[in-house]
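Residue numbers (my numbering), protein chains in the order written: chain A, 1 to 112; chain B, 1 to 111.
Each residue gets a CB set at the ideal place from its N, CA and C atoms; glycine is no exception.
Please read the structure below before turning to the comments.
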């Protein structure tokens with residue numbers, strides 16, 4: 001399966017700390033994306049990183065991609081209570097760049 | 001600029017019934033994908049529509065069917081509902097090479 005897998009499944013930190021989530025996948029990709037989901041609602045796109053990129057930043061988010069290890073990480077710096085959500089990585093399909101496979105997600109709890 | 005709109009928000013159906021879910025994509029997007037998300041799981045790809053045709057399909061039975069209209073909006077139909085079809089159904093629109101924009105989903109409960 002191409003499906004990404006996030007690690008850890010659950011993460012609990014204090015407000016102000018950094019949170020790191022990892023994603024591993026099995027086959028080659030064109031793009032990898034990270035999404036956030038609050039309480040079973042729709043997913044919000046956070047960041048897309050292409051296979052020829054190694055690192056990308058967006059505000060308090062930093063994403064890295066290591067295609068040799070087939071892994072990615074999402075770092076949220078200076079976490080806030082509002083960051084409490086589930087985070088998913090999504091990898092595209094080799095033959096269809098517009099189809100994405102999601103993992104089971106990391107549930108992040110930020111304690112005020 | 002309106003994002004992705006899904007209707008209805010919530011739905012309760014009885015086993016064996018049929019259901020139709022609707023999705024209006026973000027303005028400018030031409031591709032619509034449907035996902036099923038069971039409680040505590042990640043979204044599972046059902047199928048994708050582009051130019052009014054099903055371009056790709058995930059591992060879902062034929063009870064799941066869809067349609068895309070000339071204005072790019074889309075419908076997901078599920079026949080002969082099972083209890084296991086209870087889930088959040090997500091619609092996402094996109095342009096090739098870019099990320100999805102998701103709707104808020106339709107929560108389907110089959111009783």
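- Task: Determine the DSSP secondary structure at residue 30 of chain B, reduced to helix, strand or coil.
- Result: Look at residue 30 of chain B here: in three-state DSSP terms it is coil, with no helix or strand label.
- Task: Enumerate in chain order the residues of its own chain whose CB-to-CB distance from residue 1 of chain A is below 8 Å, with the five nearest sequence positions on each side excluded.
- Result: The pLDDT assigned to residue 1 of chain A is 49, lower than 50, so where the model puts this residue is not dependable; a value taken from the coordinates is nonetheless given after this. If we look at residue 1 of chain A and ignore the five residues flanking it on each side, its Cβ neighbours are 26, 101.
- Query: Since residue 6 of chain A and residue 88 of chain A are thought to touch, with beta carbons under 8 Å apart, how far apart are those beta carbons, to the nearest angstrom?
  - Reply: Residue 6 of chain A to residue 88 of chain A, Cβ: 7 Å. Contact.
- Query: Residues of chain A with CB under 7 Å from residue 45 of chain B, in chain order?
  - Reply: Within chain A, the residues 99, 101 have their CB atoms less than 7 Å from the CB of residue 45 of chain B, given in chain order.
- Message: If I follow the unbroken beta strand (DSSP E) through residue 20 of chain B, where does it start and stop?
- Response: Here the beta strand (DSSP E) through residue 20 of chain B covers 19–24.
- Taking three-plus beta-carbon pairs below 8 Å as touching, is the stretch 16–33 of chain B in contact with the stretch 32–52 of chain A? Short answer: they don't touch.
- Which residues share a DSSP beta bridge with residue 49 of chain A? When beta bridges are read from the DSSP output, residue 49 of chain A appears opposite A/32.
- Query: When you compare each of B/23, B/42, B/39, B/40 to residue 49 of chain B by their alpha carbons, which one comes out closest?
  - Reply: For the residues B/23, B/42, B/39, B/40, the minimum Cα distance to residue 49 of chain B belongs to B/23.
- Message: Strictly below 7 Å CB to CB, what residues from chain B border residue 41 of chain A?
- Response: Within chain B, the residues placing a beta-carbon under 7 Å from that of residue 41 of chain A are 104, 105, ordered along the chain.
- Item | Per-residue contacts from residue 99 of chain B into chain A (C-beta, under 7 Å) | For a Cβ distance threshold of 7 Å, residue set 33, 45, 48 of chain A lies close to residue 99 of chain B, ordered along the chain.
- In angstroms with no decimal places, state the Cα-to-Cα distance between residue 82 of chain A and residue 59 of chain A. Between the C-alpha atoms of residue 82 of chain A and residue 59 of chain A there is a straight-line separation of about 15 Å.
- Task: Please state if the CB of residue 22 of chain A and the CB of residue 86 of chain A are separated by a distance shorter than 8 Å.
- Result: No. Outside cutoff.
- Report all residues from its chain with a CB closer than 6 Å to the CB of residue 10 of chain A; omit the five preceding and five following residues, and keep chain order. These residues qualify, in order along the chain: 107.
- Just tell me which of A/17, A/13, A/8 has its CA closest to the CA of residue 78 of chain A. Ranking the options by Cα distance to residue 78 of chain A, first place goes to A/17.
- Message: Let me check understanding here. Comparing Cα to Cα, which of B/105, B/39, B/96, B/111 lies closest to residue 76 of chain B?
- Response: Checking every option, the nearest Cα to that of residue 76 of chain B belongs to B/105.
- Task: Report the rounded CA-to-CA distance for residue 71 of chain B versus residue 4 of chain B, giving the unit in angstroms.
- Result: Rounded to whole angstroms, residue 71 of chain B to residue 4 of chain B spans 13 Å at the Cα level.
- Would you grab the beta carbon distance between residue 76 of chain A and residue 19 of chain A for me? Rounded to a whole angstrom, and I think it's under 8 Å. Indeed they touch by this definition, with Cβ atoms about 4 Å apart.
- For residue 38 of chain A, is the classification buried or exposed, using 16 other Cβ atoms within 10 angstroms of its Cβ as the cut-off for buried? Exposed, since its Cβ has fewer than 16 Cβ neighbours within 10 Å.
- For residue 38 of chain B, name the three-state secondary structure that DSSP assigns. Note: residue 38 of chain B maps to coil in three-state DSSP.
- Going by the beta-carbon positions, is the gap between residue 42 of chain B and residue 103 of chain A smaller than 8 Å? Judged by beta-carbon spacing, residue 103 of chain A lies within the 8 Å limit of residue 42 of chain B, meaning their Cβ atoms are closer than that value.
- Query: residue 76 of chain B lies in the beta strand (DSSP E); which residues open and close that run?
  - Reply: Looking at the DSSP string, the run of the beta strand (DSSP E) that includes residue 76 of chain B is 74–78.
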